[in-house]
Structure formats: structure tokens, C-alpha cells
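There are 2 protein chains.
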Amino acid sequence: MKNPVYVKIVEDIRNKVNNGDLEPGDDIPSETTLCKEYDTSRMTVRKGLAILANEGYIYSIPGKGYYVKKPEYNKYTVYYDEMNNLINNVDNTRLIAVDIIKPHEELINRLQISKNKKIIKIRRVFYTDGEPMAYDIKYLIYQKGMPIIETEIKEATFPEMISKNTSLFAMKKELVIYATTPEESTKKLLNIYDKLALLVVEQKLYDSKDKPMGLGITYFRGDYIKIQGVSQ
Amino acid sequence: MKNPVYVKIVEDIRNKVNNGDLEPGDDIPSETTLCKEYDTSRMTVRKGLAILANEGYIYSIPGKGYYVKKPEYNKYTVYYDEMNNLINNVDNTRLIAVDIIKPHEELINRLQISKNKKIIKIRRVFYTDGEPMAYDIKYLIYQKGMPIIETEIKEATFPEMISKNTSLFAMKKELVIYATTPEESTKKLLNIYDKLALLVVEQKLYDSKDKPMGLGITYFRGDYIKIQGVSQ
DNA sequence: AAGTGGTCTAGACCACCGG
DNA sequence: CGGTGGTCTAGACCACTTG
């Protein structure tokens, strides 16, 4: 029932910001002022302020004070997993081919590698209810321990393919989402006869030193995928 | 040069997790153990552990201890703003119409309103370099102070339209992204003659009590937009 | 009962900022 | 200089889990 003091502090200030009593740029009472206000110690006040800072409500400048931050109103959290999305999950996959290739120009640029690096190219088709829903290509920079065994590749998401070499924690990832119309070869793979848009998701994985490890491109049938995001 | 003790603790444990010395589910030494290890006080150890918990590396169970968390390898941060994206920014907008409408079935469901609520429907076209790049529709549930003046609407993003009534902080937002082919009317608005895919972004805004405030749908020309995300 | 994490205190010293 | 935030200490009491 009874909340800790620092929670009370967090809620009070958060409410003031949400109501507009405090606006971006305004300053928050100093730590010592809040100590007196809430009749508590400095560490308790600091705990509350740290939480508000973490939530993006306030920030501090050493020697000066705490201020209300401008909200990042265009920031969203997205959960993307090529095998699972809002309207359809992958229940079957078909491995078209696993090739060891030399990188072409675009790949050399995008993966920042030399032209004699070996690249593993994996092509798959994803199915839901027997229908092809996505065509998936991964380019992995070859390293020892890379998965080239069919059973390891078939059902794996991109991060999982690389997790043998790099901890999922240390991995950095980038996503680019756009829409396009399918080429003829893709239309065949995805059973598209009439006009239909594709949602394309490109995934780039980096190791902990920001060195690219792989590029993935997934072409989803437009009617089979929705990607969702929420504000934090 | 010299780092605080808690930073050292954070880095040590983070490295162990990234290297694989510590794996998801493993337990972290107790606070008192770490106090001895780093010859520091409990509050300092706790500060370090709190940061690691915040970063998603560990979690704690009262009475038991701290454990390494499973990474959320499918979580991304996306910055979306209908006026700005990776490859093109909006440099001009045209207001097609502002209408007060009665909600149709779909709108009643999606905005969770009664059928006699008034809805403001705003239709715009976004341009870059004189070329139409997106067709934008917003449905706002009418409230006092809503923008119905052309100058207020023309250049505003969705959150800005509503920020007169609700603080940007208190606002919750949802995003749904998908691809589709354009209808004839949309093709005309966006100067599309051949086949071209559309990237559709639906935005739903909620107030601090999770009550929907509006729905926005933006149809981007597939060749004029890319949405980017990064892992945290 | 012993160990754990969660909350809290009443001090301390430091670097930084402003007048 | 006094006020600010940043780091840190050496205690305390509590609720919880485990043996």
C-alpha cells in the first residue's frame, strides 16, 4: 500500500510535467530543496530524480541544476522478428540455397569488406498456412563456426545465425524498412500473379566493435505483414 | 581520467556478459560479495547494478539475488516523423481539405467512440522538390481548442496537432507499418502512372488515460521513404 | 536463522557554476 | 564565495527466500 518516498517524488514531478505545470526548459527545485520539501535525505531525492532522468523527463547539469527536457515525440520501440509479426507467423520455411560467394560491389560497400572476403549467401522462403509470405536473403561474412548446416539455418532468425560467434548482447543492429514492387523472380517465389506491393526489411548486424557481420533482406508480401511500434 | 567505482563495476559485468563468461540465467555475486570484491560500500555497488538492470543486462529478485537476463534481440528504436525520413524531407505541403465528419464503422471501432462524436478529417499532400511524396489523412476526435485553422494544420505533425490539448509527454502513440498498392485516387494525388508500391504508416495517439485521440494514415510513395531503426 | 535485495539516513569530499 | 550536482560511506531497518 504505502509507496517509497522516491516513488512519490517521481509521480509528483511527472504529473507536473504531464499537466503542463512544468514545461520544457523549466528548472526543477534543487536536491536540497526537495530534501526539505519531502523531509528526506539527499540520496532518496537523487533516486527519484535519476528515475525521471531515465524516463526522459528531466536532465541535470552539474553545478547548475535539473531541467525539464523536451520530449522526443517521434521515438518508438519496434519489435521486429522476420518469423513473427502482427498478422502472420512463419510456420514453415524452405531453404532455396546456401552459397559461398564473392561479394559484389554493393556488398563490399555495405559490409565494409575487401573483395576477397568470402560471403555466405542464404536464400529462404517463409510460409504461413502453406502460402509463401516472404523471400529472405542473408549475407554473412564468413567466420569459423558459421552455420552452413541446413538444420541450423532453416529455422533461424538473423541474430540467431550469428549468435554462435557473438553474444546477442554485444550485437548491434540496424533496420531499414521500405516498400517496393516485386521483380519477376520474386513474384514466382511468392505466388504473386497480380500486382502486389512488397514490404522490404533490411537488417544489418554489427559486432561489439561496430564491424559489420552480415546483411539480411526480407521481402514480405504486403498483405502478409504489419510491423508495429509503440512510444516508450 | 579516473572512473567512478560504479562505472568499473558496470563495465566488468557487462564485459563478462558480452564475452559469454556470464550467460542468461547465471547469477551475479550478491551485493555484499561485490562490496568486498571492489572494497566499496553497498550503495555504490547498487548504483552499478541498477545501471546494468536499466540497460537490460540483469534483473533482481528480492530475497534471492541478481541474474543475467535474456537479451531482447528483436527490439529496435525507430524515429518516425511523417515530415522527415532517411531519404527525403517534406519541404512543402498542400492542404486538400478539412472536414467535420461523422465517423464510419471502422473509425468507431478503432477510436473507440460513439457514432455521434464529431471527427475532424484532415487531408494533405506532402511534397519534396515539387514532387508529391505522400498522401496524409488524419482523423481527430473533436475537442475544444482543436486546430481548424489552415496555418495551424498545414505544416504540423500529428503529435503537434494534438499537443494543444495534451502534453507531448503524456501522449502515448502506436505505429503500424505495412505496404500496399495505391488506389486510383491516390495514384492521381501522388503522380503515379506506372506500378509503384506505397509504404503506409498508421499512427494512433492516446491521452494519458489510454483514450484514443486520433488516427493518422500516411501513404508514402515507395521510392520516397525509408524508415530506420537501431538496436538499443 | 542467515542471507538476499529494497529503502533510507546523515553525514562527507569533490568539481563545477554563478555572482 | 555559496550553491549545485556527482560520488561515496557506514551504518540501519524491512520483507523476502532458503535451508
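Here the protein sequences line up with chains G and L, keeping their order. Residues in the first sequence are numbered consecutively from 1, following full-length UniProt numbering. Residues in the second sequence are numbered consecutively from 1, following full-length UniProt numbering. Where a beta carbon is used, it is the ideal one built from N, C-alpha and C, also for glycine.
So residue i contacts chain G; which residues on that side make the cut at Cβ distance below 9 Å?
{"i": "L/L190", "result": "Within 9 Å Cβ-Cβ: nothing; L/L190 doesn't reach chain G, min ~13 Å."}
{"i": "L/V17", "result": "S167, F169 and A170"}
Buried or exposed: which applies to residue i, given that a residue is buried once 16 or more other Cβ atoms fall within 10 Å of its Cβ?
{"i": "G/V78", "result": "buried"}
{"i": "G/P71", "result": "buried"}
{"i": "L/S204", "result": "The residue asked about is misnamed: residue 204 of chain L is Lys in this sequence, not Ser. With 16 or more Cβ atoms within 10 Å of its Cβ, L/K204 is classed as buried."}
{"i": "L/I87", "result": "exposed"}
{"i": "G/I227", "result": "buried"}
{"i": "L/G63", "result": "exposed"}
{"i": "L/K2", "result": "exposed"}
{"i": "G/K117", "result": "exposed"}
{"i": "G/R94", "result": "exposed"}
{"i": "L/S167", "result": "buried"}
{"i": "L/P4", "result": "exposed"}
{"i": "G/V17", "result": "buried"}
{"i": "G/K173", "result": "buried"}
{"i": "G/G222", "result": "buried"}
{"i": "G/S231", "result": "buried"}
{"i": "G/R14", "result": "buried"}
{"i": "L/G214", "result": "buried"}
{"i": "G/I149", "result": "exposed"}
{"i": "L/M43", "result": "exposed"}
{"i": "L/Y142", "result": "exposed"}
Who are the neighbours of residue i on chain G, taking C-beta pairs under 7 Å?
{"i": "L/T181", "result": "K195, L196 and A197"}
What first and last residue would you give for the beta strand (DSSP E) that runs through residue i?
{"i": "L/I225", "result": "Looking at the DSSP string, L/I225 is not in any beta strand (DSSP E), and its letter there is neither H nor E."}
{"i": "G/P212", "result": "P212 to R221"}
{"i": "G/L198", "result": "L198 to Y206"}
{"i": "G/K138", "result": "E131 to I141"}
{"i": "L/V176", "result": "K172 to T180"}
{"i": "G/K75", "result": "K75 to Y79"}
{"i": "G/K121", "result": "I119 to T128"}
{"i": "L/V90", "result": "Segment: none, L/V90 is in no beta strand (DSSP E) and carries neither H nor E."}
What residue does the alpha helix (DSSP H) around residue i start on, and which one ends it?
{"i": "G/L151", "result": "In the sequence under discussion, the amino acid at residue 151 of chain G is Thr, which differs from the Leu named in the question. Looking at the DSSP string, the run of the alpha helix (DSSP H) that includes G/T151 is E150 to K154."}
{"i": "G/N109", "result": "E105 to L111"}
{"i": "L/L189", "result": "E184 to L189"}
{"i": "L/M161", "result": "F158 to I162"}
Under 7 Å Cβ-Cβ, which residues of chain L neighbour residue i?
{"i": "G/P71", "result": "L168 and F169"}
{"i": "G/V78", "result": "Y76, V78 and G229"}
{"i": "G/S208", "result": "N18"}
{"i": "G/N54", "result": "N54"}
{"i": "G/P4", "result": "By Cβ distance, chain L contributes nothing, its closest Cβ being about 13 Å from G/P4, past 7 Å."}
How would you list, in chain order, the residues of chain L whose beta-carbon sits under 8 Å from the beta-carbon of residue i?
{"i": "residue 292 of chain G", "result": "Residue 292 of chain G lies beyond the range of chain G shown here (1 to 232); nothing can be said about it."}
{"i": "G/G222", "result": "Y178, A179, T180, T181 and A197"}
{"i": "G/Y57", "result": "F169"}
Can you list the residues of chain G that residue i reaches, using a CB-CB cut of under 8 Å?
{"i": "residue 233 of chain L", "result": "Look at the range of chain L in this structure, 1 to 232, and you will see that residue 233 of chain L is not part of it."}
{"i": "L/S231", "result": "M171, K172, K173 and E174"}
{"i": "L/D81", "result": "N74"}
{"i": "L/P29", "result": "Result: empty, since nearest Cβ-Cβ is about 19 Å, beyond 8 Å."}
{"i": "L/P159", "result": "Y73 and N74"}
Ordered along the chain, which non-local residues of its own chain (more than five positions away) have a Cβ less than 6 Å from that of residue i?
{"i": "L/Y178", "result": "V200"}
{"i": "G/K102", "result": "none"}
{"i": "G/I119", "result": "I101, P103 and Y139"}
{"i": "G/V45", "result": "E31, L34 and C35"}
Report all residues from its chain with a CB closer than 8 Å to the CB of residue i; omit the five preceding and five following residues, and keep chain order.
{"i": "L/V7", "result": "G48"}
{"i": "L/V90", "result": "E82, M83, N84, F126, Y127, T128, M133 and A134"}
{"i": "L/N54", "result": "none"}
{"i": "G/G65", "result": "D27, I28 and S30"}
{"i": "L/A97", "result": "K121, I122 and R123"}
{"i": "G/A170", "result": "D207 and S208"}
{"i": "G/P159", "result": "L168, M171, K173 and L205"}
{"i": "G/I192", "result": "P182, T186 and R221"}
{"i": "L/K115", "result": "K102, P103 and I108"}
What residues in its chain sit with their C-beta under 7 Å from that of residue i, if we drop five residues either side in the sequence?
{"i": "G/T180", "result": "L198 and V200"}
{"i": "G/T157", "result": "D81, E82 and M83"}
{"i": "G/Y135", "result": "V125, T186, L189, L190 and Y219"}
{"i": "G/I217", "result": "I137, V200 and E202"}
{"i": "L/G229", "result": "Y76, T77 and V78"}
{"i": "L/D210", "result": "K172"}
{"i": "G/G25", "result": "Y67 and V68"}
Given the structure, does residue i come close to the ligand ATP, in the sense that its CB is under 7 Å from one of the ligand's heavy atoms?
{"i": "L/K154", "result": "For the structure depicted, the ligand ATP is absent and the ligand set is empty, with no information on it obtainable."}
Which bits of chain L does residue i rub up against, with CB to CB less than 9 Å?
{"i": "G/P212", "result": "Going along chain L, no residue has its Cβ under 9 Å from G/P212, so there is no contact; the nearest lies around 14 Å."}
Report task. Entirely within the UniProt domain "HTH gntR-type" (3-71) of chain L and at least 3 residues each: give me those beta strand (DSSP E) ranges in chain order. Result -> 58-61 and 65-68
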